[in-house]
Each structure stands twice: as structure tokens, then as C-alpha cells.
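Working notes for the structure below.
There are 2 protein chains.
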Amino acid sequence: MARDLNRLLEPRSVAVVGASPKAGSVGGTILDNLRACGFSGSLHPVNPKYEEVLGVPCVPAISDLPPEVDLAILAINRNIVLRAVEECGKKGIANLVIITAGFKESGEEGAKLEEELRTLIDRYGLNVVGPNCMGIINSSERMRLNASFSRWFPPGGEIAFVSQSGSLGETLLECFEDAGLGVSRFVNLGNRAGLTENDFLAHLAGDDACRAVFLYLESFADPCEFRRLVTSIGKPVVVLKAGRTVAGAAAVASHTGSLASPDAIVDAFLHQSGVLRVSTIEETLTALRALERGVLPAGDRVAILTNAGGAGIIAADACVQSGLEVPPLSDRLRDGLAAFLPPEAGLGNPVDMIATASSEHYERGLELLLEEADAAIVIFRPPLVFHEPVEAVGAGIARVAEAQPGKPVLVCTLSHAATVEPLVAKLREAEVPTYAMPETAVAALSILRRARELRHPDRSEAAAEASDRAAAAAVLDRVRREGRTGLFFDEGAEVLAAYGIPVCPYAYLSNIDEGAAFLANVGSPLALKIDAPDLAHRFEWDAVITGIGTETELGDAFNRLQGVMNSLNLDGPRLLIQKMIAGRELIFGLEQDPTFGPAVMFGVGGTLVEALKDVSFGVAPISERQAERMLRSIRAFPLLEAFRGQPAVAIPPLVRIVVALGRMGLDFPEIAEIDLNPVIADEHGAVAVDLLIRLSEE
Amino acid sequence: MARDLNRLLEPRSVAVVGASPKAGSVGGTILDNLRACGFSGSLHPVNPKYEEVLGVPCVPAISDLPPEVDLAILAINRNIVLRAVEECGKKGIANLVIITAGFKESGEEGAKLEEELRTLIDRYGLNVVGPNCMGIINSSERMRLNASFSRWFPPGGEIAFVSQSGSLGETLLECFEDAGLGVSRFVNLGNRAGLTENDFLAHLAGDDACRAVFLYLESFADPCEFRRLVTSIGKPVVVLKAGRTVAGAAAVASHTGSLASPDAIVDAFLHQSGVLRVSTIEETLTALRALERGVLPAGDRVAILTNAGGAGIIAADACVQSGLEVPPLSDRLRDGLAAFLPPEAGLGNPVDMIATASSEHYERGLELLLEEADAAIVIFRPPLVFHEPVEAVGAGIARVAEAQPGKPVLVCTLSHAATVEPLVAKLREAEVPTYAMPETAVAALSILRRARELRHPDRSEAAAEASDRAAAAAVLDRVRREGRTGLFFDEGAEVLAAYGIPVCPYAYLSNIDEGAAFLANVGSPLALKIDAPDLAHRFEWDAVITGIGTETELGDAFNRLQGVMNSLNLDGPRLLIQKMIAGRELIFGLEQDPTFGPAVMFGVGGTLVEALKDVSFGVAPISERQAERMLRSIRAFPLLEAFRGQPAVAIPPLVRIVVALGRMGLDFPEIAEIDLNPVIADEHGAVAVDLLIRLSEE
């Protein structure tokens, strides 16, 4: 159930506790901001030392506030925050913004204070932003509220911005203003003792003034809830998540006391949630500008129309580097263009109309190109000699763009100069975005393409395979009862089988004759290994012999491993025999990520995965579509395709393994890790040849 | 011998042929630019239709010009350009800028005209810029010359800018002005019928007004000469080379009629030349700003000092993503910082001094950090409450930076606002660069790091291995005399041996007994293959049998390949036998790139190289250092290191193969391609197991 944040964001009356007329006082600055922004409700400074602050009558205490106060801003000494919160609770002021710092972020004592604060929040059912925050802003037509000490008050718009960091939040507000981006709501979450990004996501889902949500996050308050909310929010969610690398993650840890997850898992989690992740401030601006105005392209085919050859080349290069296609023109299009362009024009893609191109050339050229392309980048640099007003070019482009509402058209002027301003203005009327640099236009188009791919987040649970949770639970219960954390191979095989993951046939040998029978039955080559729940890496202990072809070799191997077995101090070791099978070597794994829970890993096996660290991740639950994307996202994926006479590996069996591992992780949080290494796959299916399942200690 | 371009760039007197008072006339615009820029010499419009143009007395013909004219700008109809050039030649005007378009870029007729133009240039020994260009600019203190129709006249500075494209050149001039970058010379090369980038590089090497050179190129006029010039120029050369991708390359081809080379070879060529390659306009600006002001860091260790946590994290992330290190602080430094920072400060790296940090904190903190780091990124966002003028922070940072002249300090303000201007100004005095965004500061630092690596371009010829050019020549002569382009294995082995590349021992078998003897001699396993100069891909024709262990298997293989040999219509086929050897499988190749000449390729062999296309290139000549870098630059390089019990592959033998292949390509341009696939390498050395050498057809 979403919390009711309407009175927090649209209060009738606001109290500023700790407002003071002293220069540089945070409370005074907030009071000043509230007055300056055009807030239409009543304001009440609270401060026992003053009769009035900045001309506004002051009350000595929270208990003296009038009953209509919906929101109290606390900008007071840390030591009196809890008392003030309690007073607000008693007074029935349900919405609080706690600016004061010195809580969790400042050490043990602060963390204890924050715990007490949480207790009060729960007791009185308060909506609390902060502590340690910059405040909140509402910049809609209905309500203008600057309950923050930000020096920037955005001009209003349709983007809601929720920031974990205050200073970065203010920096971004400044950037948004420079970029002409309209922000409707700004919230600096601070320490999130009360409200989190999830509360605001739930609120923004039903907020008509919000067309897209942007979050700057350093950690997730509740990733599971975040995923559920984003998947169903129905509007683009852009996330700038800091801590992508180990160094960054270390800084996050010391900054907010949160634990950052390995970035590959964060990436998988955000993508699976349907979030458009950006990685720099620059990319954030490009993404939000594109999403604010843009149409999403139906496909990847880009046409480039230019009157400046070099810039066309740069745009084409940038397109291909971003994975967009710049296909050659059809003969029909070339003929169509040749009919009105001068013979010097280049009729490739880019179409170089040369410097003499007129507004009519632009209009007709773009019209033709959009017949075959999914999107167009139009480069117009006003040439020295241009016999028309530049806005004529803009008007022509705008007409074509409006006639083709499903195809993004991005215009690039190669200049910020005054000469291009009328063109930019004309295009803005038609919501056609303009950029100075071709690379930025391409970056914007590439973001629109990613947004298209994310538009329908995958809400489908993977089709339920016949999984026998009870059978797996029985095995795991037995293991735990026996006080073990490791599983024997046969136990692991039983658990995997319960989730439909096939395991390569095997048998335990108590004597050499059973081996001979196995060999006679299934043929060679065979592998013989020592199995024990506390033997994790067989190869390192010489506990595996492969390539056994004959009964004699089997006898030798049997004796040798008996020797190894005796030399190692293992828990109930046994000898296990398997037929060796041919195919492509893969690796699958499951781990419990401290933030995101069960995470499934996939890689191409053997030396490759170790040397190249070329693996992909998925966070459970994983849909079939997500699993397939995960498989395809490793660099070495071409090794699984038809290759040197070998047919392509069948993908659906691999998808089933990924989905099943994810489900096992959710069903049994006590499973600390699973390693299926190798899994051997061919054109028919995939089987786990070796396996390791380990339960957590407690 | 460098051409004398002094009078071209610093003429005493300039003629503008085709100047006209009509609005939008190119010649008139140039005359106007020449007057407006403050050119101190005399100006002479040439036009039979006017007595004067824009108030400047006009002469009817080139022959009427006074003798002191050093430079003529031609902005006339294409059909009269050749006549005008001839007149200039006769008159002794040695320097020309031909603005007029309609030459090579416009089709066959124009190309013919340009050929005739080249003849005239040679006949009269002219310095010609263009045709089809925007002109040239000199913006030094000594001479202000805007002999172009550019609407931007740079304010002067120490960067020389040579652009193949006119429109992009003008765009960049505008960007440079916005970024506050000073340009001393600007040349738009146009079609390069006369002067090329190489002529200007030769000139700029001795030009004291030039501290760094920036080139925008779509193709190279003479790559070999370019490399020679850049290697010895002694100042940073930054190149924005368009046509990185296939789509871009297609556009370059239609734009300038030049053939773009596969981008990996371009990259290798530029790096080997010591060029700092940039790939976007944005990166160009960052690079030039960094090089204009910056010191190069001695190492990769970066310290980050901030009063805004989130921005510190973003900077740390960006550092690590660029390959810079953000190492943890030593205990000594942590203690030193803890002595004066508040307890809430984060003493990791980034050091988060929190919003209360003073100018003294910045100065002392930076001083400490630079004791251990090679460079520092300092983030200062003026907080709401700051009790000092912001320039005090700038002054402190500047003092530390000046005391540590070998360590780059980059400052980031998180804002463009007026509040930070005094800080920026204070830092500019000390040549400490400032940036709004942390990612840009990191990008700049990363460029300085690349510049450091390129600072000493590798002029060393690789140590001359004992190579026997004559022996190889004798083999190739024989092959050519026999009318073949393909070589037999033994011929190839002889050529490789002449350059010190070892080949796996082999023998030809005329009967089965010879095979038995070979087996007895060297042991198993053996490989038997058909050898013929016109059999390129043995595996595809079932012309190889591997893993032969016994005499019987050898007999079977012999008979089977005899059958294959008879079924294929080959040129003198023979059966060849080799011992199969174990080790890491590599691939080396040589091809003749149409632009850059002999290019050596390296990859890890087997299925990997085919599936992942993970190869690197070097353009001959290749020094040993360059060869080693080339080997290390493939993604799969970890596969060659110590791994799963195998020792690391020895690198010097691989370096020798790369260097030798490059030298063979230079010695014998008639070698169209060499494939050494596989080369088997181990901890001792590397031998070619199979080889293919093909000569070009003519």
C-alpha cells in the first residue's frame, strides 16, 4: 500500500523549526526559499529566541503551531531532533523533513540516534524525509514549494527527481536548468530513516504531473520492492547509480554506510527491472532530454542527412559504435534523391547534400529517407551563403517529423551561435530536439533505442517447469540434520533433478567389478572422481582421473584414487564414475548477493571463463526472455553458435537451467552457492557434469 | 626537406582574386575577414568588373598586381582557376589558397581538372592550399591573417589546427572559442592538390608559436611520411580521425574519394606514430585543454579530495573505468588527515571532507595526498554556508600545485554558476585547470596519462635479428619465375627461417617407409598433410590427418590422403609429415594494407580467434616495444600467462615473430599475405606449425 504523500508535497501550511534571521542559517535559508518560490500556503517559523524571522511571525514551540500545519521542516541541533519529532507526532503533524545531519552517516552515536528516530517514526506513523538531507521541492503549476536550502529552484516540468545525495542533487538541478529540463518534484532522501525511493516511486506512479522519473542512488533501500514498483510504474525510470567500480563502491560504503553490490549484478538487476541506467551526469542530461521530448524508434535503421560531410561521417561512426545501423540507401531512394539534388551530392548514407542544400532539399530529402529508416539525424550547419532564413529549414524538418510521429528526428546544428537560434526555436515548437554536436544527437538516439527495449519490462514469471520443491527440501533437510553444509554428488543431482536440471549419468563404485560393469554398459571414455561433501575443488586435489578407456586403465585409476582418498581426511568419501561426454563446455552458478538475493551466473567454461572473466548475471526471479538475453550477453556467445562444422548449441535447455537456478535460490535462501562446472551442451540439450552445492553456515 | 611556408602564413601582401562587393560573395567575405582581423599588410582585390571592392582599390588581372604580393587567394569560377594559377606562377606569386570547389570531390571532370592543377603546381613550384577549402588563418601576436571565409577568428594561442574538412573545421573553431582554447594557426586542407598535412607538420615542428598540433583527418596523404614527421616533431599531436567504423568509412570514401583503412590498423598506426587519437569532438576539446595547460602525471595513482560525497564517488568510478588507480590511503596519511579534519570526514579515497571543509582543509589535505599520489582531483562545491571567499580555496590549491609542478591537479566545481567564478579565475592564474563535472576532469587526467605514454615515441628500430634477405629473395624469385603466387611449405619455411622464424620440423614422404622412419625418429603423435601451393585451407579439403600414433594409423592416413590428393586437381602436391607439438595455439599474419603497407596481425588461435575476432595489429616497421604492446593488447592475453599449472608463454620469441614479419613485409612488398596458423608457443619458444605465403598477382 503506497503511503499518502500528498500533504508532504502539497502542504497547506509549513512550519520551519529552527528558522533564524542569522546570515547563513539553514532554517532561515529555507524560510527564505519558501517565501521566494511563491508558496501559497502559510508559513510558521518556530524559534523561542525570536518574535519574528525575516518578517514572518514566529512561535516559540511546535506545540504552539496552528492545527492546519501539514509539514514541519526541522533545521535544528541534532540533540533536540528526537524531542521535536515526538512533539510533531503528538501534535498530529504527519509530514516531516529533517535537514539536520549527524545521524547514521557520522558514526556510532549518530546511528543510535537514528534508530531511536525510526522508533518514533513508526510509533506516530510519520512521513519523514531525511535526516541529513537538503529538503524537498515541488515545482508544479498547482503548487510551488521550495522546502529546501537548494540555491536552484527548477522551472517546472514533467520529470520527478529523487536523489540520495544532497550536493549532487543540487548540482544536477543546476545542470537541468542549463539544459532547459523541467523538473516537477525534487526530493533529497538523505539517510532514509523514514521515506525511501520506493515510497516516492509508489507515489509517482499515480502522479500525472510526472512523465519520467530520475533517481540518483548510491544504494537501494529495498531492491525487491524497487523492482516491483519500477516494473509496474508505466513511465520511464532513469537511474544514475554510483559505485560502479570497486573504488567507487568503497567510497559509497564510507559515504552512506551502505554496502554496494558488484556492479555486474547491479546492472543485471536494473535492466531486468526495466530501468534505463546511465553512468555519467552528461549521459543523464542526454537521456532526460531525449525522453522528455522523444518518440521511441521502432527499429535501429538510421538515416543521416547533412550539408557538412565531415560531421556526417562523425555521426555515422558514432551510430555504428552505439550499435545503430546506418544502412546503404535503396536504389529507389538514391534515384529519388538524385532527381532533385545536385550531381556533387553524396548519395550514400550519410546523404551529403553539400553546402548549397536548401530548405526544400532538407524537407524532400528527409521525407524520402524516413520511408526506409526508423529514425533520422539531420545535420544543418548554416553555410556562409544561404538565401533563406534558417528557420525555413527548421519548418520543413518539423513538417516531415510531424507527418511521421513514430520516427525520431534529431537535428544537429554544429554550432551554438546566434545564427542557429531561429532554427532551434522553430524545431522546439514541434518538439524536435536539437543538439550542437553529432555525437550527442547519436547518444540521445541510442538512449531512445534502449528505452524502447525497456519499454515493456518483463513481468512474466518464467513458465513453471515441473519442479518438485518438496523433493529438494527433503534432501536439504537431511543434509542440515546431519550437520553438513556440503552435499554429496548424488544429493546435489537429486536437488537439480527436482528443478529439471539434468545431470550426466553416474554411479558410485564400491569395488572394481562395478566399474567394469559400468564400462561395459555405457562405453568409454570414463571419468573417475572422489566425491565428498567437503571436497570443493576436485582437480586441485588430484581427485579426478579422466579419459579412462579400458578396464585396465579403470583398475589403475580406481587404485590410485583409493590412495588419494586415504591420504585426504574427508567426510565419508566415495568413488564416482561417469561417462565423459562431448560438447561445448559451459559454467552456471548461483550465489546469494547480500543486496539483491539469488544471482545466477553464466559463462563459457574451461580456461576461457577463468582467463577472460567473461560472465553474465541475472537476479532472481529471471524470466525466460531475461535468461536468454543473459546467455547472449557474454562476449564469447559466438562460440555457442554454429561453428567449424559443429551445429549451434540449443538455447532453450540453457534458458531452463538459468530460470531453474534462480527459482532454487528463491525457494531455498539457505543455499549459499551452486556451481555447475562444467555443463556440457550440444544441439540437443545440456547436462551438468560436475556440481557443487553449499548451504550457508547458520 | 620541409617547404618554406613562412610567406604563406605570414605574407606581406595578399591578393584576393574574385573578390566582389555582392552580398554573400565568398571572395568579398574573405577580403572583409582580412580587413577585420587586423592584417597589417596590403590587400589587393582582383576583379575586372570593379574599380574597388569594399573600399579597397581593385586591379583587373593578376598580371596587374604589385610585385610584393606573397599570397593569392582564388575565389573564382572553377573554369578559370587553372589560368589564374598559371598567371600566379608566371608572376612569381608562390603561395596560393584555392577556395574554389568542383575538383576531385565532384566527379570525373573535376578530377581531371585537379590533375592539371597538380601539373601546374609542380611546374611553378607553388605552395597551394586547396582547392575546395575554407582558407587559412594565422592568429599569432606577430601576424593576424584571416585568409578564409570562416565566421570564427580564434583569439590566438599555442595550438595549431589543420583540418581536412572545412565545415567541421569551422565548427571546431567555434567550439575552441567556447572552451577558451587558443589557436595560433588554422589551415583547411581541402583536396590537398598541393600542400598536405605533412607539409604543415614539417613546418610546425620548427614553429615556436605552436605547442601542440591538432589534426582532423579523413585520410592520410602519405602515411609513411606522416609517421616520420610525428615521431620527430617533439610536441603533442592530437588526431581526430573520422571513419572509425565501416559506415563512417563508406561516408569518407564518398566524401573525399579516399579509401579508409580498417580502423584497427589506423589505431595501431597512430599509436605507433606517437599520436594521441581522440574519437569525438568532446574528447578533442578535453584533450586540447588538458594538453594546453597540463603537466603529465608520472604514474596512475589518483587521490580525490572532496566536500561533496556523491561527486567523489562519481570521480572514483570514472577513474577506475579509465584505468586509473584510486588506491587506499596509507595509515600515515589517514592519521595526518584525521589530525585536522572533523570526525565525520571519510578518510578513504576519495577523502570526503564534508561540507564544512575550509580553504585550509583543502590546502593541507591536498598537500598530504600529493605526497603519495601522482595526481589529484579536487572537488569543491561552495556549500550554502561558507565563511571565506571561494578564491581562498583556489589560492590554497594553487599554492600546493605550484609546489608540486610534476603532479597534475584538476579541480572540479560541480557548477557553472557565478559563485564559482572567482575560484576558477584564481586557479587559471596558476594554470590549474577547472571543470564543472567530475567525469570531465577524469577524462582530462586520463588523456594526460595517455600523452605520458606517448611522450617518447618509439624511434628505435628493432634490434636487427640475423635475417638473410638474399636467401628469402632467392626463394621468392624462383616462385615467381615458375609463374606461381603460392609457396610450397618448404619454400615458406625457408623464407621464414631466413627471418629467424622457426618452423616445426617436417619431412616430405614419397613412400610409406619414409613415414615409418620419421615416426621412429621423432615419435608420435604425428600429423600428415597435403602440401600444394594452390591449397590454401587444408582443413576444408580434408587434406590433414592429425593424431597419428602408430605405424598402422600412419599407413591408413597415407593411403587416405593419397586418395584425396588424386581427387583434387592440385599443382604438384606432396605429402608432408610433422610431429604434433603441445602448447598454446597462436596466430600471426601479415597483410599489405592499401594505405599503410605491411600490417602484422596477432591473435590467440583456435576457435577463439575466429569466434571472438580478438586480434591486434602493428604497422611495419614495428619496434620490439611496439610488438610487445601489440601482443599484450588482445583481450585473451591472460590465456598466455601462467595458468592452471601451465607456465607463462615466453614473450620474446613472439616479439621476434612480429618484428620479423613486419620486416619481411617491408623487404618484399610483393608478399600479399602470410598466415602462420597455428604457431605453437610454450615457456621456451614458439614455432610455426602451418603456414601460407602468397605473392601478389602482378
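Going down the list, the sequences are from chains G and W.
Number 733 in this note's numbering belongs to position 387 of the first sequence; there are no gaps in the numbering.
Number 393 in this note's numbering belongs to position 47 of the second sequence; there are no gaps in the numbering.
All residues carry an ideal CB built from backbone N, CA and C; glycine is no exception.
In this text the structure is predicted, and so the values were computed from the model without any measurement.
Review point. Buried or exposed: V885 (chain G), going by 16 or more other Cβ atoms within 10 Å of its Cβ?
Key: At residue 885 (chain G) the sequence reads Phe, which differs from the Val that was named. Flag for F885 (chain G) reads exposed.
**Study point:** Start and end residues, alpha helix (DSSP H) containing P1024 (chain W)
**Key:** Premise fails: P1024 (chain W) lies in the beta strand (DSSP E), I1017 to A1027, not in any alpha helix (DSSP H).
Review point. Is there contact between the stretch 696–710 of chain W and the stretch 743–753 of chain W, where contact requires at least three CB pairs shorter than 8 Å?
Key: yes
**Study point:** Whole-Å CB distance - G387 (chain W) paired with R353 (chain W), under 8 Å assumed
**Key:** About 11 Å; that fails the 8 Å criterion.
**Study point:** Short CB-CB distance (under 7 Å) between F566 (chain W) and chain G
**Key:** no
Check your understanding: Any Cβ of chain G within less than 7 Å of the Cβ of G370 (chain W)?
Key -> yes
Check your understanding: For A1032 (chain W), which residues of its own chain have a beta-carbon under 6 Å away from its beta-carbon, when the five flanking residues on both sides are left out?
Key -> P999, L1000 and V1025
Review point. For chain W, is any of its Cβ atoms less than 7 Å away from the one on L463 (chain G)?
Key: no
Review point. Should E356 (chain W) be flagged as near chain G, meaning a C-beta pair shorter than 7 Å?
Key: no
Check your understanding: How long is the line joining the alpha carbons of G384 (chain G) and P729 (chain W), rounded to whole angstroms?
Key -> 24 Å
**Study point:** Rounded straight-line distance, which links the Cα of F560 (chain G) to that of V585 (chain G)
**Key:** 6 Å
Practice item. Determine, using beta carbons only, whether P944 (chain G) and G893 (chain G) come nearer to each other than 7 Å. Key: no
Point to revise | Cut-off 7 Å between Cβ atoms - residues of its own chain near P569 (chain G), not counting five sequence neighbours on either side | key: F615, T941 and F942
Practice item. Taking C-beta pairs closer than 8 Å, name the residues in chain W that L730 (chain G) reaches, listed in chain order. Key: G370, V372, T375, F495 and R497
Practice item. Determine the extent of the alpha helix (DSSP H) in which G325 (chain W) is found, giving its start and end residues. Key: In the structure as shown, chain W starts at 347 and stops at 1044, and residue 325 (chain W) therefore has no counterpart that could be examined.
Check your understanding: By Cβ distance below 6 Å, which residues in the same chain neighbour E356 (chain W) in space, the five residues on each side in sequence not counted?
Key -> M489
Practice item. Would you kindly work out how many angstroms separate the C-alpha atoms of V641 (chain G) and M976 (chain G), rounded to a whole number? Key: 27 Å
Check your understanding: Does M783 (chain G) have its Cβ less than 7 Å from a Cβ in chain W?
Key -> yes
Review point. Mind checking if T626 (chain G) is an interface residue toward chain W, Cβ cutoff 7 Å exclusive?
Key: yes
Review point. How about S979 (chain G): is its C-beta nearer than 7 Å to some C-beta of chain W?
Key: no
Review point. When the Cα atoms are used, what is the spatial distance from A1018 (chain W) to I933 (chain W)?
Key: 17 Å
Practice item. Examine chain W for any beta-carbon lying closer than 7 Å to the beta-carbon of G895 (chain G), and answer yes or no. Key: no
Review point. If you compare alpha carbons, which of W:N425, W:N473 and W:G374 is closest to A348 (chain W)?
Key: W:N473
Review point. If we call anything under 7 Å between Cβ atoms a contact, is E748 (chain G) one with A776 (chain G)?
Key: yes
Review point. Hey, quick one: how far does the alpha helix (DSSP H) through T465 (chain G) stretch, first residue to last?
Key: E454 to Y470
Practice item. Taking only beta-carbon positions, decide if S761 (chain G) is within less than 7 Å of chain W. Key: yes
Practice item. Answer with yes or no whether the minimum CB distance from I659 (chain G) to chain W is below 7 Å. Key: yes
Exercise for review: Give the DSSP bridge partners of R429 (chain G), in chain order.
Suggested key: For R429 (chain G), which the question treats as bridged, DSSP gives no partner whatsoever.
Practice item. Report yes or no: do three or more beta-carbon pairs, one from the stretch 893–910 of chain G and one from the stretch 825–839 of chain G, lie closer than 8 Å? Key: no
Point to revise | Status (buried if at least 16 other CB within 10 Å, exposed otherwise) for N534 (chain W) | key: buried
Practice item. Spell out a yes or no on whether the stretch 791–801 of chain W and the stretch 664–683 of chain W are touching, meaning 3 or more CB-CB pairs, one atom from each, closer than 8 Å. Key: yes
Review point. Nearest to G869 (chain W) by alpha carbon, out of W:Y852, W:V431 and W:L491?
Key: W:Y852
Exercise for review: Establish whether the CB of A588 (chain G) and some CB of chain W are separated by less than 7 Å.
Suggested key: yes
Review point. Bridge partners of H390 (chain G), per DSSP?
Key: G:A361
**Study point:** Three or more C-beta pairs below 8 Å linking the stretch 864–880 of chain G and the stretch 917–929 of chain G
**Key:** yes
Check your understanding: Name the chain W residues that come within less than 9 Å of Y562 (chain G), Cβ to Cβ?
Key -> G656
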